[in-house]
């Protein structure tokens, strides 16, 4: 009998080092809002999304390649950048054929950790591209790390919820001896039918809703609205 | 209006540094089985429990004070020590009036981290002393960290469940802006009526049940069987 590949959920970047990821696909999850925006921009025709940690680097790359620079702190576009973090800012009429240079803190940090730790493949996941992620993981038949970006390393519910959504769809194909995965799946099972209400209880909701982003956050927990698979290749996220 | 104290749940020792604990009561949680055994030994009349990380130190202290040395690795009593980690090994007829020198890895590590980070008070929590912990936290009216010992820094369900049990009893008296706490409470609410079944799904169950410890593990999720409050004072855990 063929052995099933192994799946683990990592609820904070601080816990990534506890796992050997060298033979794994790592799914970077940053539901509010980086990975939701990445899926949406690519779905709407962006040629690539370049994730960067620092604002200076974002501006430098944007200038060099003629890309759209984007990033927010505290709900406002960062000085020197052109756009924000909202998926709603990237309709096809605007983003098609362009490169988006996106500064994020939590998601980009985890992505770079996964690179450094030798992940064999890095993709990004969010509710808008839930099915694309699940289908890819089922087809690949490799070990999986569901990597939650969290918020300044503190565990957050929205990323755990997405991990749970993935697990509930693909668990039969994996060996899962991982309490974080069981917790994430339970959380998703419990709240899958009241996601819009449930996310109002999260700390991130309170942080972002103050900036009038309720519609944005609801979009970010809506499944399959931008169902493409972003994969990391040589510094760019592109459609696989 | 008086401000409520703040409560956070820390699901792995690796995440403790993210929180300022200097003005907080830290509850050390190691459900399978260190903190369950600590509560039980003190409830049954042990004069104190001395938690130590290393086996050598356990033997040295045991010899010096004439205490009972205890510790297990992989379900067996460690060579050179006299007893194991099971709460069932410490009935009143055996432990009353004695000092128990207990080596544990996960729980002791977290306790020493909490000491180093300047916790204002350290107590231990487990289902057998659930009410004692809740009553103390309500009366103290101070900030609280529910600190899960986890397993080699990997998050585990049984410690999160106990955090959730505490939160569900005391949440009205605290400000809780903490997704880990919300997750822990949801998990407990979902499984409070099937705890004996649910713990069979945890990774730790599979690790320990192989050594015939099912009854032990069921005891460790039974509320208020040893309802005392262990508090850390000058190297010893004693009844508060």
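Residue numbers (the numbering used here), protein chains in the order written: chain H, 9 to 248; chain C, 9 to 248.
Positions of the beta carbon are idealized from the N, C-alpha and C atoms, including for glycine.
With a threshold of 8 Å between beta-carbons, can residue i be considered close to chain H, or not?
i, result
"residue 211/C", "yes"
"residue 203/C", "no"
"residue 82/C", "no"
"residue 216/C", "no"
"residue 225/C", "no"
I'd like to know whether the C-beta of residue i is nearer than 8 Å to at least one C-beta of chain C.
i, result
"residue 12/H", "no"
"residue 20/H", "yes"
"residue 154/H", "no"
"residue 50/H", "no"
"residue 262/H", "Lying before the first or after the last residue shown, residue 262/H is absent from chain H, which here runs from 9 to 248."
Check for me: the alpha helix (DSSP H) holding residue i runs from which residue to which?
i, result
"residue 144/C", "138 to 148"
"residue 37/H", "From DSSP, residue 37/H is part of no alpha helix (DSSP H) but of the beta strand (DSSP E) over 32 to 37."
"residue 100/H", "100 to 103"
"residue 115/C", "114 to 124"
"residue 206/H", "203 to 206"
"residue 221/C", "Run containing residue 221/C: none; DSSP gives neither H nor E here."
"residue 162/C", "It is not in any alpha helix (DSSP H) - residue 162/C carries neither H nor E in the DSSP assignment."
"residue 63/H", "63 to 73"
"residue 42/H", "42 to 51"
"residue 197/H", "187 to 199"
Out of the options, point me to the one whose CA is closest to residue i's CA.
i, options, result
"residue 14/H", "33/H, 125/H, 21/H and 90/H", "33/H"
"residue 145/C", "122/C, 175/C, 117/C and 135/C", "175/C"
"residue 102/C", "25/C, 156/C and 90/C", "90/C"
"residue 172/C", "182/C, 185/C and 190/C", "190/C"
"residue 21/H", "81/H, 55/H, 156/H and 147/H", "156/H"
"residue 111/C", "164/C, 143/C, 166/C and 42/C", "42/C"
"residue 50/C", "208/C, 19/C, 95/C and 114/C", "95/C"
"residue 143/H", "12/H, 181/H, 28/H and 93/H", "181/H"
"residue 213/C", "170/H, 115/H, 186/H and 242/H", "186/H"
"residue 100/C", "234/C, 240/C and 124/C", "234/C"
"residue 243/C", "38/C, 57/C and 12/C", "57/C"
"residue 237/H", "200/H, 161/H, 59/H and 48/H", "48/H"
"residue 86/C", "104/C, 98/C and 109/C", "109/C"
"residue 209/C", "230/H, 196/H, 195/H and 184/H", "184/H"
"residue 60/H", "125/H, 44/H and 77/H", "77/H"
"residue 167/H", "225/H, 53/H, 98/H and 81/H", "225/H"
"residue 178/C", "193/C, 188/C, 165/C and 164/C", "193/C"
"residue 140/C", "18/C, 35/C, 161/C and 126/C", "35/C"
"residue 37/C", "92/C, 204/C, 195/C and 137/C", "137/C"
"residue 133/C", "125/C, 81/C, 218/C and 118/C", "118/C"
"residue 216/C", "12/C, 54/C, 81/C and 52/C", "81/C"
"residue 120/H", "196/H, 228/H and 241/H", "241/H"
"residue 135/C", "25/C, 232/C, 162/C and 92/C", "232/C"
"residue 126/C", "17/C, 11/C, 24/C and 19/C", "24/C"
Give the residues of chain H in contact with residue i, contact being defined as C-beta atoms less than 7 Å apart.
i, result
"residue 121/C", "The premise fails here: residue 121/C is roughly 14 Å from chain H at the closest Cβ pair, so nothing lies under 7 Å."
The beta strand (DSSP E) with residue i in it runs from where to where?
i, result
"residue 111/H", "107 to 111"
"residue 167/C", "Taken as a continuous stretch (DSSP letters only), residue 167/C belongs to no beta strand (DSSP E), being part of the alpha helix (DSSP H) at 165 to 178."
"residue 16/H", "15 to 18"
"residue 129/C", "129 to 133"
"residue 78/H", "76 to 78"
"residue 153/C", "151 to 156"
"residue 58/C", "56 to 60"
"residue 240/H", "238 to 241"
"residue 246/H", "244 to 247"
Whose Cβ in chain C lies nearer than 7 Å to the Cβ of residue i?
i, result
"residue 187/H", "163, 164, 165, 210 and 211"
Under 8 Å, Cβ to Cβ, is there at least one residue of chain B near residue i?
i, result
"residue 244/H", "Chain labels in this structure do not include chain B; the protein chains are H and C."
Quick one: list the residues of chain C neighbouring residue i, beta-carbon separation under 9 Å, in chain order.
i, result
"residue 110/H", "Residues of chain C passing the Cβ test: none, with the nearest at roughly 24 Å."
Listing by chain order, which chain H residues have their CB less than 8 Å from the CB of residue i?
i, result
"residue 198/C", "194 and 198"
Is residue i near the ligand ATP, judged by its Cβ being under 7 Å from some heavy atom?
i, result
"residue 139/H", "Because no ligand of any kind appears in the structure shown, any question about the ligand ATP cannot be addressed here."
Checklist entry - Residues in the segment 161 to 185 of chain C with C-beta within 7 Å of chain H's C-beta atoms, listed in sequence order? => result 161, 162, 163, 164, 165, 168 and 185
Next on the checklist: Counting only Cβ-Cβ distances shorter than 9 Å, please list the residues of the segment 22 to 48 of chain H near chain C, keeping chain order.
Outcome noted: 22, 23, 25, 26 and 27
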